[in-house]
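Heads up, the thing below is written out as structure tokens.
Protein chains: 6
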Amino acid sequence: MYIRDMSISDQVEGFFLLQDAYAKTTLAGKPFLSMVLSDCTGTMDAQIWDYTGPVTPKDIGAVVKIRGTVSEFKGTLQITVDRLRLADAGDQYSVSDLVPTAPIDVEATWKELQDIIDSIEDQDYRSICQKMMNRYGEKVKSLPAAKGIHHSFLNGLLMHTAYMLQTADFLAGMYGSVIDRSLLIAGTLLHDFAKCEEFTTSSLGLVTDYSMKGQLLGHLVMGAHEVADIAAELRIPEEKSVLLQHLILSHHGEPDFGAAVRPMCAEGELLSYIDMIDSRMEIYRETLEEVPAGEFSKRIFALERRIYHHN
Amino acid sequence: MYIRDMSISDQVEGFFLLQDAYAKTTLAGKPFLSMVLSDCTGTMDAQIWDYTGPVTPKDIGAVVKIRGTVSEFKGTLQITVDRLRLADAGDQYSVSDLVPTAPIDVEATWKELQDIIDSIEDQDYRSICQKMMNRYGEKVKSLPAAKGIHHSFLNGLLMHTAYMLQTADFLAGMYGSVIDRSLLIAGTLLHDFAKCEEFTTSSLGLVTDYSMKGQLLGHLVMGAHEVADIAAELRIPEEKSVLLQHLILSHHGEPDFGAAVRPMCAEGELLSYIDMIDSRMEIYRETLEEVPAGEFSKRIFALERRIYHHN
Amino acid sequence: MYIRDMSISDQVEGFFLLQDAYAKTTLAGKPFLSMVLSDCTGTMDAQIWDYTGPVTPKDIGAVVKIRGTVSEFKGTLQITVDRLRLADAGDQYSVSDLVPTAPIDVEATWKELQDIIDSIEDQDYRSICQKMMNRYGEKVKSLPAAKGIHHSFLNGLLMHTAYMLQTADFLAGMYGSVIDRSLLIAGTLLHDFAKCEEFTTSSLGLVTDYSMKGQLLGHLVMGAHEVADIAAELRIPEEKSVLLQHLILSHHGEPDFGAAVRPMCAEGELLSYIDMIDSRMEIYRETLEEVPAGEFSKRIFALERRIYHHN
Amino acid sequence: MYIRDMSISDQVEGFFLLQDAYAKTTLAGKPFLSMVLSDCTGTMDAQIWDYTGPVTPKDIGAVVKIRGTVSEFKGTLQITVDRLRLADAGDQYSVSDLVPTAPIDVEATWKELQDIIDSIEDQDYRSICQKMMNRYGEKVKSLPAAKGIHHSFLNGLLMHTAYMLQTADFLAGMYGSVIDRSLLIAGTLLHDFAKCEEFTTSSLGLVTDYSMKGQLLGHLVMGAHEVADIAAELRIPEEKSVLLQHLILSHHGEPDFGAAVRPMCAEGELLSYIDMIDSRMEIYRETLEEVPAGEFSKRIFALERRIYHHN
Amino acid sequence: MYIRDMSISDQVEGFFLLQDAYAKTTLAGKPFLSMVLSDCTGTMDAQIWDYTGPVTPKDIGAVVKIRGTVSEFKGTLQITVDRLRLADAGDQYSVSDLVPTAPIDVEATWKELQDIIDSIEDQDYRSICQKMMNRYGEKVKSLPAAKGIHHSFLNGLLMHTAYMLQTADFLAGMYGSVIDRSLLIAGTLLHDFAKCEEFTTSSLGLVTDYSMKGQLLGHLVMGAHEVADIAAELRIPEEKSVLLQHLILSHHGEPDFGAAVRPMCAEGELLSYIDMIDSRMEIYRETLEEVPAGEFSKRIFALERRIYHHN
Amino acid sequence: MYIRDMSISDQVEGFFLLQDAYAKTTLAGKPFLSMVLSDCTGTMDAQIWDYTGPVTPKDIGAVVKIRGTVSEFKGTLQITVDRLRLADAGDQYSVSDLVPTAPIDVEATWKELQDIIDSIEDQDYRSICQKMMNRYGEKVKSLPAAKGIHHSFLNGLLMHTAYMLQTADFLAGMYGSVIDRSLLIAGTLLHDFAKCEEFTTSSLGLVTDYSMKGQLLGHLVMGAHEVADIAAELRIPEEKSVLLQHLILSHHGEPDFGAAVRPMCAEGELLSYIDMIDSRMEIYRETLEEVPAGEFSKRIFALERRIYHHN
């Protein structure tokens, strides 16, 4: 039974992710474990009374099997757990039931990415893309695109990159007089690759925090550096290397939004809008799913306003 | 001979737009007329000595025929004029030689606009678009999109609108889960229609200033009002009318950029980026035409930075 | 007994507004209803134990009759309710005991408004005002001026408008060389009229939220549109209509404060300050009532600072 | 003949203020004096040829008598001077013909100021005002209120203060529940008194620059200090002294507009708006005088926008 | 036993500061006192059951003696108190055990301050410093430098001032061509002196709030005023007095950070950076003490970011 | 004769830098060359009549020898040139007479830099510094630190770096509990090294513009990249490499001032203030040299205010 479907008095038995856990003591002095469980549909509080282990807070991030009953406390559902153990090698469960994943066909999207790389006319930009794919492709394929806000599910970075590439391809055609398609496609593909090193992830692949390197350097500078090194290895002409680095460094558009430099070529300008569009449309998608038609959402932190789900 | 092609000692004879004119007196007390002439390729200073009329500053904006010689003064070319008269009904000259026009096939683009209106699935939005086209279409077809900065040539508003519609059509497909294509297409078509009443124009059709109404109300509020009235006449359901007004009122994105309200639906959010993209790409196009490859432009006022024309 | 006057152990019997309600269950599994009650002096938590209806959360916004006892929980007073029922047609209670109302003589203030409209010298502006009063006057008379922050009580919009008109009348005299009194008075009267359609209200008349139209268009644009339509019906000269619309569109002064355009005539500039003064003085009045002389308030959200109640 | 009324070929003889002067040499090696002359209606360039003195640039700010002829150079009027000398003790001319003065009856306005001081109910605030008037009154009476922007004419500070006092008196009545009239009137009277020490002035009384003290401390801090010292001398209770200082320190409203602290009492809040209103209305008055009805002004630096002179 | 060292089941007996206290009633109707106790190592919640006095919330800020047992509630430690009384004259405890104090040798630092004053070459600035020290020195010696954020412990202002003086002395040498060492040292010494009157303090010397005068005038204006008065008494030349006032008024650098004026001399510019450096380094010191090496802190409010404790 | 010392009628003969040049024609049709000449004391306009070459605008940036006479035109001095030729290999002139140089002993300062590198305790940071010095030292020694604003003279980057190192060394001692001296010294030394590649320079070594790479990447990102590569070559532990990159990337403090990331360790925070202090003190030094004591400067663009030269 998925968390989203539970209601009072339901008997629950199954696998969940142990999102959080605290060892506590009742006023009467009895030990218990207070937990937050999650699956791909949501999260729920749970308690197991008179419990001292073996599951403890050190197991946060692991998969557990529980048996219990759904009750209510202060208007919120929770599970009173009877049995609790860590999942082991012999258990049968699906990761995609436990953590959210992108609503896309992963393999087909992956194929799209490779096709568009093959379509890059400029051989220098294409070879940089291929080498980056060889080095980081597998991680890019599975990683979320963020810790929260939008695309914070498995394969989120793949989905974000693939959508942006479609738009980049279209706009390169629209504005052919100022846009070098090869540069724009390469920059779009690679703009977030360094998120592979910017995040720390849980054993199931979700983003848990930013890495030391990720915070002190940022994925823009790390990505540009990666590209510069590969371009040097491949003996790409300097201007091309610099332009591609520039696209990565400037793709947040404004210093206040995290850009290391502001875009100074048409491809950089365009990339920053393509990134903004895909991020914003995904925020709308994720938000409007939760809001009935004809109503407004709560204030959305990233947009600093409420949005409307029209009929 | 076009102004762009003139050099010292050239004999010039032909039609030009009288952009500006001052009646002056030399130190020696002789009257002369100091002029700025223009054609579709640029502007140039000119003087006619010992001259008191009949052409005077009241003729600014008219077409004149001149004969004269190109010379240089303080490093800048100018024309010393021998003969000067107003163009009259019998003269043979082309308006498109005198003022800049959009680099598009006007009739084909106009047809595109009509086709995309016909493709709007929602009958309510489609009928609003048709009525607006009947009322303002001819003016939209010929008007520049701005006084300066970008698209400030004849048919500029048509070019800007048509380019944006192509992008809107594409993105409506990309983000079909949150975008109502009919609403987005209608909003994109109509977003700048009220520029017809926001500008004052010269006899040749270029924007000379903002109208009283244009400055005190702005084209966003005027356009929304226009749409509201037509929607009421057509008895369109209120939500649709309000959404379409909202797209027009919010298409500048942020209050600091002139939006009367911030976008609160996905179509409004997207429209503001589509508008930004087309404006920016046109600024790049117009700027890079003047900058040799491998060099940076001067600081561009609207972007607050220099841009690079890469190889 | 008013909520403001209750203390521990008081026996309470009377009518209250059911502000909020949650159906809950105790740890022991017993159902109860947790409520927030209010009258014109404040709000208080209340519980009725072992209760499943007939009053339920669907009755939020209704008037209820209760009997109970005041107790304390974690330092806060609350009412333990014994009896609970909805008020019915036969009950005797006064709305003004249940919801806060403006500290003014409503009818006298209403008369003032009508007198000042009669005093408008310019017949065009006067007739627009009269027609707007016919159409919206009754709603303006009773509506609060806001959901919170200031004037959020019944007749609040009337009080706000009437105070501003007095100031406008005075300043029109002070600055007669640049101020057209008729325009300023008309703009001041009408600047917030569209709040009638911007808010949703409870059955007792308080503002509960913003309407769909109110959020997507805003009361500035809605008000200007209303005026434009009436001016067109009355065949008022266009400049007057545009100026009056401009005052309404610009009365928040700056885009960051919600103005659709910035004031560009002296009357618009002045109106924005008159609005600011009355709003701010009312915030001070409402705040200082709660702060003892010689002390500072808590930080006030709308002012972003604390204020001092001097001796 | 006033400068505003001069036209080409006029013979001019009279007294003018020597605003600026440069000793120069023609290309042919002849010395001449290039001058800017002014009277209460405007400024004009002037030259006297073959001239080495006795009038030289060291006489800037003095009154001169000239005789000459009006001519035109590059579209601008100028005076070719035949005779030039400094005005001396025996000359008959009026200062008010040479420099602009406030459009008020100075003595009547001065009387108003004194009457309103007499009307201050609180004896402590009244005595501070009286002592400040004794010390600085005469300078306040004649000083301009600014170097430029608004009220930059003789008696400008008196006009500005008197207008604000009328508004303060009115609003103290309107908002009697939160406003202490005595404090507001005293703060309004004294808010700009320290401009006496903030400016340096020419011999005819116009502001030429800011003093060292004026720039390093500002008139807000200087004025508050002055009041604190006088309050201490008069043994006024500390709270009153602090409140009056606070009004002076905060009368620019926001730190970005020069306030040393933000207003934290109702009188300070109100004073900042009264000051803003009078400054802005005077900017409108001075600007609209130069703009024909039905037209927009140029962009006004202090407002960051154009304004409209309606019919 | 210090609060930092307590763990579940510890028996506690000793003196603590009564930081906060609420008289409450259990659901069962029994009175108890809920307290927050503190010592120099931290704070802890505590309860004494069935208790109505004599210690009550009016004793907040006093020292109490307690006996009790450490327990846990919802994951947080607290003390269940058996005995509770106010400390009296005969009790033996050390203030420095109860409140945090600066990690410096107070007397040695105090001596440093006096030595550097003696080293001021300019006799005028030196004599102002000496007179200020005579008047306020003892309070400066013991006061915290802030209510929170940094240096909010006893002798914090002394520590902050002494550190800044060392840096000022060094930089006066580095930039001798533009820095007048006497002015910089005097300004650094005196820049925060008026905090003596800006704060209200508890009986043990910690800052509890801002005074009325402190909020309405601020320590910059109060400090400048103090210096101006002393300079006048000592008949110091006006420029020196104005410069020293200017340093105090501008030491926050920008109006948005609280500066009454922006620095306009090299010493003021430098002082604002010296103040910023010492404040920031102390924030880092206090924060990094709590963060293990190799980890990031939580978001720090004053810096608007997280900081890293490197290895 | 230095430009600063020239006056009307002086006969001039010597070497100057050809800063700018235009080939023009007089009204009478005669060719002449209009030039801007400069030496280490300033710039001056110059003309040579009836001249068609061999010196032409293509020689801008070269050294020329001239002979001529100083005259005045519109109040400004200029040189009428009789003889003009390019300097050649046999000419005797000193570069330091032609372009401004830092007011320091270059070799002694260079030695200081090397000594402080030798004093770095951490071997990893020291070896990075040494390798960077081997690679870029010679260019750093001679380069200006900027195109304008401050330190825009030869050896300016050396002077700026050396001053900052002295301050860094001192503050590392002051704040030893949070500052790793080795990291701070290394970061200070290297923070601007990439200016070697950010600028383009004239043949005499002054900065003429920014390079393509310099504009598209910026010296922060380029410098960090350089350090990362060298750290990798030297197999330095990753944290040290990341920290040193972080100092370089964050040394402008805020994104609005050009920082790629904001400082997140104490050394980065401190470095940004040390850089600010040295830049600002140099602006004061260069400005106050031109302003008499007791007067204010003109508004300084980089500071957005005027500054005072006190007595």
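Protein chains in written order, with the working numbering: chain U, 1 to 311; chain D, 1001 to 1311; chain B, 2001 to 2311; chain A, 3001 to 3311; chain F, 4001 to 4311; chain G, 5001 to 5311.
All C-beta atoms in this analysis are idealised placements derived from N, C-alpha and C, irrespective of residue type, glycine included.
Keep in mind that this is a model prediction, so the values were computed, not measured.
So, for residue i: in the same chain, excluding its five sequence neighbours on each side, which residues have a beta-carbon less than 6 angstroms away from its beta-carbon?
i, result
"A/Gly-3253", "Ala-3259 and Ser-3272"
"U/Ser-182", "Ile-120, Glu-121, Asp-122 and Tyr-125"
"B/Ser-2152", "Pro-2144 and Ala-2146"
"D/Ile-1048", "Leu-1033, Val-1081 and Leu-1084"
Which same chain residues end up closer than 7 angstroms to residue i when comparing Cβ atoms and leaving out the 5 residues on each side of it in sequence?
i, result
"A/Leu-3086", "Val-3055, Asp-3059, Ala-3062 and Val-3064"
"U/Val-95", "Leu-204"
"G/Lys-5024", "Phe-5032 and Ser-5034"
Looking only at its chain, what residues have a beta carbon closer than 8 angstroms to the beta carbon of residue i, apart from the 5 residues adjacent to it on each side?
i, result
"B/Ile-2008", "Val-2070, Ser-2071, Glu-2072 and Leu-2077"
"F/Thr-4043", "Ile-4003, Gln-4019, Val-4036 and Leu-4037"
"A/Ile-3300", "Ile-3283, Thr-3287, Arg-3306 and Ile-3307"
Would you list the one or two residues that DSSP bridges to residue i?
i, result
"B/Val-2063", "B/Leu-2017"
"G/Ser-5071", "G/Gln-5078"
"B/Ile-2300", "B/Arg-2305"
Is residue i near the ligand ZN, judged by its Cβ being under 7 angstroms from some heavy atom?
i, result
"F/His-4150", "This structure simply doesn't include the ligand ZN, nor any ligand for that matter."
Can you give me the start and stop residues for the beta strand (DSSP E) that residue i sits inside?
i, result
"F/Leu-4098", "Per DSSP, F/Leu-4098 belongs to no beta strand (DSSP E); it is in the alpha helix (DSSP H), 4095 to 4098."
"B/Met-2006", "That residue, B/Met-2006, is in no beta strand (DSSP E); it is neither H nor E in DSSP."
"A/Val-3207", "3207 to 3210"
"D/Leu-1234", "Run containing D/Leu-1234: none; DSSP gives neither H nor E here."
"B/Phe-2153", "No beta strand (DSSP E) holds B/Phe-2153; DSSP gives it neither H nor E."
"U/Met-35", "31 to 39"
Assuming residue i and residue j form a contact by the criterion Cβ under 8 angstroms, report the distance between their Cβ atoms to the nearest whole angstrom.
i, j, result
"F/Lys-4139", "F/Asn-4155", "That belief does not hold up - the Cβ atoms of F/Lys-4139 and F/Asn-4155 are roughly 11 angstroms apart, past 8 angstroms."
"D/Gly-1218", "D/Ile-1248", "Going by Cβ atoms, the distance from D/Gly-1218 to D/Ile-1248 rounds to 11 angstroms, so no, they are not a contact pair."
"U/Val-242", "U/Ser-250", "Contact flag wrong, Cβ pair sits at about 12 angstroms."
Could you spell out where the alpha helix (DSSP H) holding residue i opens and where it closes?
i, result
"A/Asp-3088", "Per DSSP, A/Asp-3088 belongs to no alpha helix (DSSP H) and is neither H nor E."
"D/Ile-1048", "Segment 1042 to 1049 is the beta strand (DSSP E) holding D/Ile-1048; no alpha helix (DSSP H) there."
"A/Ser-3203", "That residue, A/Ser-3203, is in no alpha helix (DSSP H); it is neither H nor E in DSSP."
"G/Asp-5115", "5106 to 5118"
* **Short-range partners of chain G found in the segment 3207 to 3221 of chain A, where Cβ spacing is below 9 angstroms** => Legend: CB atoms of the segment 3207 to 3221 of chain A lying less than 9 angstroms from CB atoms of chain G belong to residues Asp-3209, Tyr-3210, Met-3212, Gln-3215 and Leu-3216.
* Asked: Taking any Cβ of chain B, which residues in the segment 3081 to 3110 of chain A have a Cβ under 7 angstroms from it, in chain order?
  -> Residues of the segment 3081 to 3110 of chain A that bring their beta carbon within less than 7 angstroms of a beta carbon in chain B are absent altogether.
* Any residues in the segment 2246 to 2257 of chain B with a beta carbon nearer than 9 angstroms to a beta carbon of chain F? Which ones, in chain order? -> Residues of the segment 2246 to 2257 of chain B with a Cβ closer than 9 angstroms to any Cβ of chain F: none.
* What residues in the segment 1170 to 1181 of chain D have a beta carbon less than 9 angstroms from any beta carbon of chain U? -> Taking 9 angstroms as the Cβ-Cβ cut-off, the segment 1170 to 1181 of chain D approaches chain U at Phe-1170, Leu-1171, Met-1174, Tyr-1175, Ser-1177, Val-1178, Ile-1179 and Asp-1180, given in chain order.
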